[in-house]
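Novice:
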Amino acid sequence: MTRNHHHTWSVLIALTIASAGAPAVGPNPPAGEQETQSVSFVKQLDSFRDFARYARRYWNVLPKRGPARPFILNGPQRIVDAERRRLIRAGRQPRLKVLKSRQQGISTLACGLCQQACQTHHGYNAISIADKLELPKKWLRRAKQWHAQVPAHIRPHLAASNATELYFDGLQSNYWIGSQMGQTPGMGHTLHRVHCSELANWNDPEKVMSDLLPAVPKGDLAGLVLFESTGEMVGDWWHQQVVRTLEGGDEFALVFLPWFISPDYRMETSLTPADYIGDERDLVAAAAGWIEQRSDHAVLAGFDGIRPPQVAWRRWVIANEFSGDVERFQSRYPATTDQAFLSVGNLALPLAVIRHHASQVQAPSRRVRFRLSSGGRVVIETIDDDRADDLWEIADGPTANGQYVIGADVAEGLVSDPHDARSDRDYSAAAVLDRDRMRFAAVYLGRPNADRFGEQLMLAGRYYNDAWLAPEVNNNGWATLVAMKDYPNIMPRSHLAERLEQAAPRNINALGWRTDMNTRNLLIDDWVRLCRPEPRTGFDGKVRVFSELLVQQEKTFIITSTGRREHRPGCHDDLLFAHMIAVQAHLSCPQRDSGPRIDADPIGDGHRPSWAYMGGVDIDTDEDDQL
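Residue numbering for the sequence shown follows this note's numbering, starting at 67 and increasing by one per position.
So, in structure tokens, the structure goes:
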């Protein structure tokens, strides 16, 4: 009997015993019996190890619409699995980078490949790492369902699992599931399969990779390293990885999955090819070019060219989900690899700043709302519901003698795309800045009534050591200001000739931050100045952040064709402006001592101090309503 057949027999015995929960030990049958049964066992094991067959036979998935159905690979999934098997046939360990379109099922495929290997191999370790903090819980729930769907006689025994792991004790195999934002389990173990999802959204992928990749045995043909993500921006880590593989700089194989091969991306229409307009004709040409270059993939996807239902679907999605922004649609549903990444040419903020802020993102320590007790104390209510909104995300609570400012952008009830009345309305947002460490400690986002927002700001101010509050007072901001008029520390606006210590008696009309065309530019320019790296010191002493949503808004804050700096149609900048206003409050409001801080440019060096503009200082000009 060959060594491979002996191993086959051992694994099958392990699978059988593991299904009963007993240790995978015991004598092998006599050699002759092993030899006569080996062929059938090899076939049985092959069926276990053939992922497409295994998934179709034993597992169900939930489609976007309708009831659960057998896990039959769709076109994009067939392409990725075929590339994996092609590398194995070529004697190469499968290492894949998948540049995909949205919702093509690649994360599901990769999770399945990891779990199936652990359920059919002895002593096997695999890990899937998501980009979002809440995804591991969902993936683990699905993994347990898949395990339960396998027939009992071949189902490996599952020991008591936890929030990050499936442990098949009979096989001594582990499948870990984690998030790049939280706990990454499995570190320190040999990892036979590694799946990293939506890498374009990772905060610091290089750091995680330096721990992960050395743990994968080199040359293991049963192993797998699979990176998958949609694109984000030219020059970011994921874009560099894609370019590196395209240029032959590593041993990975790149798989590009254009949107048009997905069968769901179609809708009924009366369109004909004669109705196509400019970029739609370009789409037809791009699809034809893809077929010519990857005819094997086209066959696997059952794709032979663009049809009117796909063009109709594309038109509808661009108009209704992307507010007419073709470039943003293309980055999520690319037809070519170049379309997958947004150009940085129209970013309003330096790419270096956005990258640095992305590397600082961390999950909040808790999500809360503030309320006042009957005794007049600030009460903190922890919110565990992931779907809840109108709350604070806290990274750091107040220190004993810490000094804080809170900037607030008050919702005006406007839609995010002025050309689409159905687009998302704006939010009220706030950001708490620790003045001693120049680090943001908490953020708020929601759509409360303006007066309720004022109440939350007051309570947060009290919680953070009677912080200075700087609410924007344009439009609905007045109602927020009135609700908090009795709070002692509201940022004043003073005349240029007056220093804050010499300001006139408190007047509600002179409180808060007022945004007009001049102060709006000040907000943006000072944010860039206090966040960008310096030639000698880099990012030392610069503003530090923690909010993932802030970074998302920075990425979609652009320079329009008119030269205006604002969010892309259909996107938001509320939280970004709350951070900017907090910085202005820090520059303008007095501190109790001369502790660490970033000051405005000093008076007399040819620059105006920040408080000499109309946001923190009134110089008797009319407010510009076109902000």
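Ideal placement from N, C-alpha and C gives every residue a C-beta, glycine not left out.
1) Give every residue of the same chain whose Cβ lies closer than 8 Å to the Cβ of Leu615, excluding the five residues on either side of it in the sequence, and list them in chain order.
2) Just the C-alpha distance for Arg513 and Arg144, rounded to the nearest angstrom, thanks.
3) How should Leu128 be labelled, buried or exposed, when 16 other C-beta atoms within 10 angstroms of its C-beta is the threshold for buried?
4) Residue ranges of each beta strand (DSSP E) run of no fewer than 3 residues wholly in the stretch 230 to 312, ordered along the chain?
5) If you compare alpha carbons, which of Asp197, Leu547, Phe369, Leu201 is closest to Trp356?
6) I'd like to know whether the C-beta atoms of Ile499 and Tyr470 end up nearer to each other than 8 Å.
7) Could you give the DSSP three-state label for Gly527: helix, strand or coil?
8) Taking 8 Å as the threshold (C-beta atoms), are Asn191 and Leu261 in contact?
9) Considering Cα atoms alone, identify which of Gly371, Ile372, Arg398 is closest to Val383.
10) DSSP puts Ala319 in a beta bridge; with which residues?
11) Determine which residues share a DSSP beta bridge with Ala497 and list them.
12) Starting from Phe436, trace the alpha helix (DSSP H) in both directions and tell me its first and last residue.
13) Looking at C-beta atoms only, is the number of pairs between the stretch 628 to 640 and the stretch 519 to 533 that lie closer than 8 Å three or more?
14) Whole angstroms are fine: how far does the CA of Ala351 sit from the CA of Leu366?
15) Determine the burial state of Lys210: buried for a count of at least 16 other Cβ atoms within 10 Å of its Cβ, exposed for fewer.
16) Please report how far the alpha carbon of Arg60 lies from the alpha carbon of Glu393, in whole angstroms.
17) Find the nearest neighbour of Met646 within the set Lys621, Trp579, Gly604, judged by alpha-carbon distance.
18) Under 7 Å Cβ to Cβ from Ile449, same chain only, skipping five residues before and after it: list those, please.
19) Which residues bound the alpha helix (DSSP H) around Ile625?
20) Using C-beta distances below 7 Å, list every residue in its chain close to Glu294, excluding the 5 sequence neighbours before and after it, in chain order.
21) Please return the same chain residues whose Cβ sits closer than 6 Å to the Cβ of Lys608, not counting the five positions on each side in sequence.
22) Can you have a look at His363 and say buried or exposed, based on whether 16 or more other CB atoms are within 10 angstroms of its CB?
23) Measuring only the C-alpha atoms, how far is Gly543 from Ala454?
24) Considering only residues of the same chain and omitting the five flanking positions on each side of Ala545, which have a CB-CB separation below 6 Å?
25) If you drop the 5 nearest sequence neighbours on each side, which residues of the same chain put their C-beta closer than 7 Å to that of Phe322?
26) Which same chain residues, not among the five before or five after Leu698, have their C-beta less than 8 Å away from its C-beta?
27) Exposed or buried, Arg501, counting other C-beta atoms within 10 Å across all chains shown (16 or more means buried)?
28) When you compare each of Ser613, Arg310, Pro133 to Gln426 by their alpha carbons, which one comes out closest?
29) Run through the stretch 605 to 641 for me and flag every whole alpha helix (DSSP H) of 4 or more residues, listed as ranges in chain order.
Specialist: Taking the structure as given:
1) Val509, Leu511, Leu641
2) 43 Å
3) exposed
4) 231 to 234, 239 to 245, 259 to 263, 290 to 295
5) Phe369
6) It should be noted that the sequence gives Leu, not Ile, for residue 499. Yes, these two residues count as a Cβ contact at 8 Å.
7) helix
8) Position check: residue 261 holds His in this sequence, whereas Leu was assumed. No, the pair does not count as a contact, with Cβ atoms beyond the cut-off.
9) Arg398
10) Leu162
11) Gly473, Val509
12) Note, Phe436: premise wrong, no alpha helix (DSSP H); beta strand (DSSP E) at 432 to 438.
13) no
14) 20 Å
15) exposed
16) Residue coverage of the chain in this structure runs from 67 to 693, which leaves residue 60 outside it and unanswerable.
17) Trp579
18) Arg433, Val434, Arg435, Leu457
19) Premise fails: Ile625 lies in the beta strand (DSSP E), 623 to 625, not in any alpha helix (DSSP H).
20) Val164, Lys166, Ile172, Ser173, Ala176, Ser263
21) Cys597
22) buried
23) 24 Å
24) Ala516, Asp517
25) Leu165, Thr403
26) For the chain, the structure presents residues 67 to 693; residue 698 sits outside this window and is missing.
27) buried
28) Ser613
29) 614 to 621
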